[in-house]
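Numbering (our numbering), first residue to last: 1 to 370.
Just so you know, even glycine gets a beta-carbon here, dropped at the ideal spot from N, CA and C.
Model, not experiment: these values are computed from the prediction.
Below: the structure, in structure tokens.
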């Protein structure tokens with residue numbers, strides 16, 4: 001069954017590892033000068049500055065097996081006046097003996113602010129209580145008894161993108177400011193796919209408004225394709241332990257460049273039941289990685305498994321600049337997302353998709369005993 005991610009609200013999903021914060025902002029930034037630094041294969045050079053904005057240039061793969069949705073190029077951006085709250089904390093779990101280098105399982109915890117009356121009008125945090133009264137920049141709980149207000153989006157003037165090709169052949173275009181979120185206007189601009197080649201220089205320039213003008217540069221990455229679409233977590237029947245799973249091998253096309261960059265991988269098997277953990281890898285862009293049996297088993301043992309588990313693989317390059325409130329990133333990425341299957345669990349949307357004697361829990365999107 002070929003399904004797309006559209007019905008799953010893709011914008012709510014997290015991105016792998018070091019990209020997560022920048023893509024959560026997928027709009028967000030500000031400046032302290034025209035200095036811009038880039039990192040072709042790693043995290044932005046920020047000199048410790050907090051992330052307050054980002055512009056993301058993405059090559060998005062076809063839904064499944066060339067499926068319903070064709071591949072496309074997307075450019076979005078936003079600049080805020082402060083860092084965006086992290087609504088959960090991620091804790092790296094102890095590594096199993098066979099852990100794959102660069103990979104780990106993380107537990108996800110939602111903090112509680114109940115002891116201070118929450119982050120509302122009842123909060124003992126005066127600033128958050130006041131914000132809740134006005135309804136502007138409401139606060140959320142980001143750590144035990146610690147509230148943080150959402151930042152405000154800021155105007156950075158006219159924003160243009162160069163090095164990204166349109167279907168008309170232009171190499172430069174201007175983004176549309178929609179409530180201080182910057183997007184491509186579909187009525188005037190259609191982006192090619194792929195809209196750039198590996199190693200192409202890409203730049204985002206802002207003319208300045210609430211903050212002074214700035215530029216950020218990064219380099220194009222090769223479109224990422226996976227070696228197959230049918231990834232499955234399988235039990236190791238040679239092991240008497242029923243919770244022991246086999247290693248998972250993931251293959252992709254390596255880049256042409258001999259200077260191997262990085263690929264980030266995230267495997268989330270509980271998202272539609274409320275994410276309690278995930279498996280993440282940050283590995284060299286060599287074309288393959290085998291995630292150890294111990295790590296796969298550790299992920300499954302976290303429990304709370306839901307239907308349509310997700311595999312997210314991203315190749316990226318990045319650059320950054322600093323403005324008055326913090327750091328603004330430019331992320332250039334090629335991303336592939338796939339549903340996977342897990343032995344012993346059946347994903348569903350309807351009862352008819354479940355084995356005999358089972359019904360579909362539509363909230364968890366998982367077949368359960370009837």
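- For residue 58, the enclosing beta strand (DSSP E) covers residues 51–60.
- If you draw a straight line from the Cα of residue 295 to the Cα of residue 243, it comes to about 12 Å.
- Exclusion of the five residues before and after residue 290 leaves 247, 249 as the residues of its chain whose Cβ lies within less than 6 Å of its Cβ.
- In the DSSP assignment, residue 335 is bridged to 60, 314.
- Membership of residue 293 in the alpha helix (DSSP H) is indicated by the continuous run 293–301.
- A contact is defined here as three or more CB-CB pairs under 8 Å, and the segment 197–215 meets this definition with respect to the segment 145–158.
- The alpha-carbon separation between residue 61 and residue 315 amounts to approximately 12 Å.
- The beta carbons of residue 320 and residue 219 sit about 13 Å from each other, so the pair does not count as a contact at 8 Å.
- Residue 198 and residue 255 do touch by the CB rule: their CB atoms are close to 6 Å apart, below 8 Å.
- Residue 310 and residue 268 have their C-alpha atoms some 5 Å from each other.
- Annotated three-state conformation of residue 324 is coil, per DSSP.
- Counting every other CB atom within 10 Å of its CB across the protein chains shown gives residue 184 a total of 16 or more, marking it as buried.
- Between residue 343 and residue 235, the CB-CB gap stays under 9 Å.
- For the 9 Å CB-CB criterion, residue 216 and residue 81 do not form a contact.
- For residue 262, the uninterrupted beta strand (DSSP E) run begins and ends at 262–268, by DSSP.
- Residue 53 sits buried, since 16 or more C-beta atoms from the chains shown fall within 10 Å of its C-beta.
- Contact between the segment 164–172 and the segment 88–98 is absent: fewer than three C-beta pairs spanning the two stretches fall below 8 Å.
- Residue 188 and residue 150 have their alpha carbons spaced roughly 32 Å apart.
- Taking 8 Å as the upper bound for CB-CB distance, residue 251 and residue 227 are in contact here, some 3 Å apart.
- Beta-bridge annotation (DSSP): residue 359 is paired with 368.
- With respect to the C-alpha of residue 193, the residue from 78, 339, 138, 333 having the closest C-alpha is 333.
- The segment 103–180 is shown to contain whole beta strand (DSSP E) runs of 3 or more residues at 103–109, 139–143, 146–149, 159–162, 172–174, 176–178, in chain order.
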